[in-house]
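Chemist: All residue numbers for the sequence shown refer to UniProt numbering, where the first residue is 1 and numbers rise by one.
Where a beta carbon is used, it is the ideal one built from N, C-alpha and C, also for glycine.
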Amino acid sequence: MFALPRRCAHLPSLFSRSFAEIVPSTARSSEALRGSVDPPPPAQIPDTKENDQTPKIINPVRLGNRVPVREDHGLYAFFRKRLQGEDGRTYVGEAQYETIGGSLFQERAQSGRSWKASELRLKSFQDLHTLWYVLLRERNLLATQKEEVRRIGAVPVLTAFRYKTRQVKKSMARIKYVMNERRLAYEGAVKLAEQEKQDHLDRVVLDHQMSQYYKERKQLRWREANREKRQEAKEAKTSAKTAEVEPVSTNVDVTTQAQAHSEGSAQVGSQDTPESRAQ
């Protein structure tokens with residue numbers, strides 16, 4: 001599975017990894033945890049009254065060498081979990097977690113391809129958010145396995161860390177690409193909505209201005225018509241007054257002409273007398 005250096009053969013302890021003890025999540029706090037002992041009883045104080053020279057010796061209580069941890073602890077997510085083996089047996093405890101991946105062929109056969117952008121475009125924001133953290137967890141898991149391979153001194157040539165990490169990175173990059181597409185589409189939609197709103201406001205303002213223009217033009221025409229009517233009435237009134245004054249002046253002129261005519265005829269009559277003829 002792995003190519004190990006010769007120096008690793010003399011260090012068998014490096015290939016064994018001790019986990020924290022797994023405690024079921026249903027365990028009560030009052031129950032004693034497996035892999036450890038109960039807390040020591042309170043220290044006994046020597047009785048000085050009976051015998052001051054022979055105090056009772058308190059033996060230290062040896063605790064377990066493992067820290068009890070529940071099964072649902074978040075740090076177990078850094079290790080890949082296998083529920084069932086090839087022989088059909090179900091793993092329990094430490095055996096259900098893998099510290100190192102399998103062979104190159106096995107890892108590539110079990111692992112899938114990266115997510116395509118066309119597939120991610122069909123996902124909702126919540127699905128993309130969940131998938132991002134799933135991929136991030138897988139990336140941390142691969143980093144943990146890679147560090148374990150480095151710690152035990154194995155040559156990571158036959159492992160599929162690079163292949164699987166590349167697939168995870170490609171999927172995460174495509175998620176960012178799809179999210180950027182949606183961001184640009186949202187910003188474009190906002191700009192389009194603002195432009196449509198501005199166009200609508202411009203049309204409303206233009207309609208209002210045109211209605212005011214037609215209203216003012218109608219009022220102007222009405223005022224001009226009233227002005228013309230008043231002017232015509234004024235002219236008719238003036239002409240009526242002029243017509244009343246003209247007959248009086250005509251009568252005065254006729255009387256004056258008659259008087260002048262009578263005076264002229266009188267002078268002509270005086271010139272035709274016998275005295276004037278004798279002269």
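Three or more C-beta pairs under 8 Å: does that hold for the stretch 166-178 against the stretch 113-120?
Modeler: Contact between the stretch 166-178 and the stretch 113-120 is present, because at least three Cβ pairs lie under 8 Å.
Chemist: Quick one: measure Cβ to Cβ for I100 and W132, integer angstroms, because I've assumed they're closer than 8 Å.
Modeler: Not quite, the Cβ-Cβ distance comes to about 26 Å (not below 8 Å), so this is no contact.
Chemist: If I measure Cβ to Cβ from E181 and keep anything under 8 Å in the same chain, skipping five residues before and after, which residues do I get?
Modeler: Here the set comprises R121.
Chemist: Whole angstroms is fine: what's the gap from R89's alpha carbon to R80's?
Modeler: In a straight line, the C-alpha of R89 is about 17 Å away from that of R80.
Chemist: Would you kindly work out how many angstroms separate the C-alpha atoms of L142 and T165, rounded to a whole number?
Modeler: Answer to the nearest angstrom: the Cα atoms are 7 Å apart.
Chemist: Considering only residues of the stretch 131-169, which uninterrupted alpha helix (DSSP H) runs meet the minimum length of 4 residues and lie entirely inside it, listed in chain order?
Modeler: With a minimum length of 4 residues, no continuous alpha helix (DSSP H) run stays inside the stretch 131-169.
Chemist: Run through DSSP, which three-state label would V69 get?
Modeler: In the structure shown, V69 sits in a strand (DSSP, three-state: E or B).
Chemist: Give me the Cβ distance between M179 and L128, rounded to the nearest whole Å; I'm assuming they're in contact under 8 Å.
Modeler: M179 to L128, Cβ: 7 Å. Contact.
Chemist: Are the beta-carbon atoms belonging to residue 335 and R137 less than 8 Å from one another?
Modeler: Outside the modelled stretch of the chain, which goes from 1 to 279, sits residue 335, for which no answer is possible.
Chemist: How about K146 and F161: do their beta carbons lie closer than 8 Å?
Modeler: Cβ distance < 8 Å, so K146 and F161 count as in contact.
Chemist: Since S118 is in the alpha helix (DSSP H), which residue starts that stretch and which ends it?
Modeler: A117 to L120 is the extent of the alpha helix (DSSP H) around S118.
Chemist: On the criterion of 16 or more Cβ atoms from any shown chain inside 10 Å, does A189 qualify as buried, or is it exposed?
Modeler: So A189 ends up on the exposed side.
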